[in-house]
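To get the numbering used here, take the position in the sequence shown, counting from 1, and add 341.
Beta carbons are placed, not taken as given, at the ideal position from N, Cα and C, and that holds for glycine.
Here the structure is a predicted model, which means the values were calculated and not measured.
Right, one structure below, let's go through it.
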Amino acid sequence: MFSLLLNSTLFSLYNDYTTTNSIATFYFRTGPNLKGCPSVQTFNDGKVYGPCGVKYTSESKYWVAIKNAKNYCGKSILVNYNSKNKNSTKLKVMDECPGCYKDNHIDTSLDALVELTGSKEKACAINTGIPQVSWTFI
């Protein structure tokens, strides 16, 4: 029974009408690496990636990876950064996030996360915590 419960929790689909509170991390970049942030790849190699079958380009800045992405390819989410200024940005689901199954966090481009949080220090969790966000499908 525990196995069934665990599997249904890990692989459940999102309720399209609720807000998910989680963290935001990054796994690729469209611009240059940022000093002080971990180096990440660009994927700009012409290969097809993920369940949505996409090729990353310099135009991929506003893409996001979530769990069960194959069920949401091309759908948009609105991400709100939990700060005083309530920054928000719209991202398009274009890839799978294997690490997102345990806590429903989202994986974005480094560029989009810097824009959302307002600084590379917050985006890269330099002397701060990992960015806390809320997001919903739009």
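Length of the line joining the Cα atoms of residue i and residue j
i	j	result
Tyr413	Asp386	24 Å
Gly372	Tyr403	12 Å
Tyr442	Asp448	12 Å
Ala464	Asn423	12 Å
Ser344	Phe478	Model confidence at Ser344 stands at a pLDDT of 34, short of 50, so the residue's coordinates are unreliable; what they give is reported in the following sentence. Cα to Cα, Ser344 sits roughly 29 Å from Phe478.
Val455	Lys461	5 Å
Glu283	Gly440	Not covered by the structure: residue 283. The range shown for the chain is 342 to 479.
His446	Thr398	23 Å
Lys427	Gly459	11 Å
Thr469	Lys388	35 Å
Close beta carbons around residue i, own chain, < 6 Å, minus the five adjacent residues each side
i	result
Ser475	Thr360, Asn362, Asn421
Lys431	Ser417, Leu419
Ile467	Gly377
Enclosing beta strand (DSSP E) for residue i [first to last residue]
i	result
Val474	473 to 478
Segment limits, alpha helix (DSSP H) that includes residue i
i	result
Leu451	451 to 458
Ala464	461 to 464
Counterpart residues of residue i in DSSP-defined beta bridges
i	result
Asn421	Ser429, Ser475
Asp448	Thr366, Ala406
Val389	Per DSSP, none; premise fails for Val389.
Val434	Val405
Thr361	Trp476
Val381	For Val381, which the question treats as bridged, DSSP gives no partner whatsoever.
Contacting residues, own chain, Cβ-Cβ under 8 Å from residue i (five flanking each side not counted)
i	result
Asp436	Tyr390, Gly391, Pro392, Cys393, Val395, Trp404, Val405, Ala406, Ala410, Asp448
Gly415	Cys393, Lys433, Val434, Met435
Asp444	Ser363, Ile364
Residues near residue i by beta carbon distance below 7 Å, same chain, minus five either side
i	result
Arg370	Val381, Thr383, Ser450, Leu451, Asp452
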